[in-house]
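In our numbering, the protein residues as written are 215 to 637. A short worksheet on the structure shown next.
Encoded structure:
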């Protein structure tokens, strides 16, 4: 059932906030359902129309669920409702039940994404999630200063801290326990979370480590990650695959560390240099990943469904962070904020204009330049998740990730507009 928002048939000129609400209404109405074993809560179906494994939440995709929670928090900040707050409050508990062993799993990137959502629940909504929970915690609690309580997010921070390994690559965390691949989608969110949770020394060291290893000299973009060179002839081997969300997580890490540093003292030369770095990366995104300021993917190849469906939305989220939270009045800071907002709102406009409508429902496509399609039950869904990730459905619009990625994009545009950074 829809959890909030107006019907999808909105007139031209509708505000970004109303468009974000319409996306929430459609995506939430189709995908958010009560698990049979936890009828007091909701989780998201990973595809629509659903298969039996989707209806029963056998198909789950942990990090997709974390980003749905992040979008619900966006919506609650935009237009708070008691019903949505209840959904948010209960979301972590049902995720822990489904996960079977609490909130932690062997994938550091999963843990970092969920940790960021838990941090926002506490920071922005005053909802805390104890590390040891029971049904009485489902109402949520406002944290009382001085009250001793170990939180779920603190357990995640500790897991990520334990994952930091100086060998064999001089630092970083792997993407999963026991692996050697140090990728941006694990280290970027980890750095953001460390900065936001007051672990500034670790956040600074992680950011310095990423700055040395991830930027590609030829494009200025962030590579996917590095791994040891078995031959020993180079310090590390670079995976030069360029994904949009990797650009977003480094932007988010730069802003998070900068803001946390400013909380401890006045701006200095290093902060001015940080703004210049952020501008260079935003400009590289515009050059290599956008088509007329519309975020698409590297060299115009649109990222599709499966895990890729979330990538553009994550980049938009952190471009909105640059647009609304990057401090400073230098020319570089102003230019970075302006270009970041332009990329977000231009992409959101294209995605909105190319949405598909079926009655009062809307669907978004994986490529903002191309009209979206309405998926059918007969369209093949992707195979189940593997260590390599989740692949795309034959019609990517069927994937939760594609719809949530577009919802995330529209929430980002609403934040840029509310801040006055975009029209």
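No residue lacks a Cβ here, since even glycine has one placed at the ideal position from N, Cα and C. Since we're looking at a predicted model, the values are computed, not measured.
Selection from the options that minimises the alpha carbon distance to residue i
i           : options               : result
residue 252 : 285, 265, 296 and 306 : 306
residue 463 : 581, 270, 267 and 400 : 400
residue 424 : 378, 239, 442 and 386 : 386
residue 432 : 477, 411, 441 and 456 : 456
residue 345 : 556, 383, 247 and 365 : 365
residue 254 : 511, 308 and 471      : 308
residue 279 : 245, 250, 608 and 607 : 245
residue 573 : 562, 588 and 583      : 588
residue 406 : 469, 430, 426 and 491 : 469
residue 396 : 281, 447, 548 and 451 : 451
residue 294 : 403, 338 and 444      : 338
residue 492 : 420, 533 and 619      : 533
residue 265 : 411, 591, 626 and 631 : 591
residue 398 : 422, 558 and 501      : 422
residue 482 : 570, 543 and 384      : 543
Helix, strand or coil at residue i according to DSSP, with G and I counted as helix
i           : result
residue 397 : strand
residue 528 : helix
residue 354 : The pLDDT assigned to residue 354 is 49, lower than 50, so where the model puts this residue is not dependable; a value taken from the coordinates is nonetheless given after this. Looking at residue 354 - three-state DSSP - the assignment turns out to be coil, as it is neither helix nor strand.
residue 603 : strand
residue 512 : helix
residue 543 : coil
residue 633 : In this prediction, residue 633 scores a pLDDT of 44, lower than 50, which makes its location untrustworthy; no coordinate-derived value is stated.
residue 330 : helix
residue 387 : coil
residue 571 : strand
residue 275 : coil
residue 341 : coil
residue 552 : helix
residue 312 : helix
residue 618 : helix
Whether residue i touches residue j by CB criterion (8 angstroms)
i           : j           : result
residue 509 : residue 526 : yes
residue 530 : residue 580 : no
residue 472 : residue 498 : no
residue 390 : residue 321 : yes
residue 302 : residue 332 : no
residue 382 : residue 442 : yes
residue 604 : residue 520 : yes
residue 408 : residue 371 : yes
residue 434 : residue 535 : no
residue 476 : residue 562 : no
residue 250 : residue 312 : no
residue 403 : residue 394 : no
residue 558 : residue 537 : yes
residue 444 : residue 436 : no
residue 281 : residue 524 : yes
Sequence-distant residues of the same chain with beta carbon closer than 6 angstroms to residue i, five excluded per side
i           : result
residue 241 : 617 and 621
residue 310 : 316 and 317
residue 260 : 268, 273, 275 and 614
residue 448 : none
residue 522 : none
residue 585 : 568
residue 237 : 621 and 624
residue 354 : Any reading at residue 354 is ruled out, since the residue's pLDDT is 49, under 50, leaving its predicted position unreliable.
residue 411 : 371
residue 547 : 489 and 540
Own chain partners of residue i with C-beta closer than 7 angstroms, once the 5 adjacent residues on each side are dropped
i           : result
residue 628 : 230, 231, 234 and 292
residue 287 : 302, 331, 334, 335, 338 and 339
residue 495 : 434, 461, 464 and 465
residue 539 : 469 and 473
* Asked: Can you find at least 3 beta carbon pairs, one from the region 561-576 and one from the region 544-552, that sit closer than 8 angstroms?
  -> Segments in contact, no.
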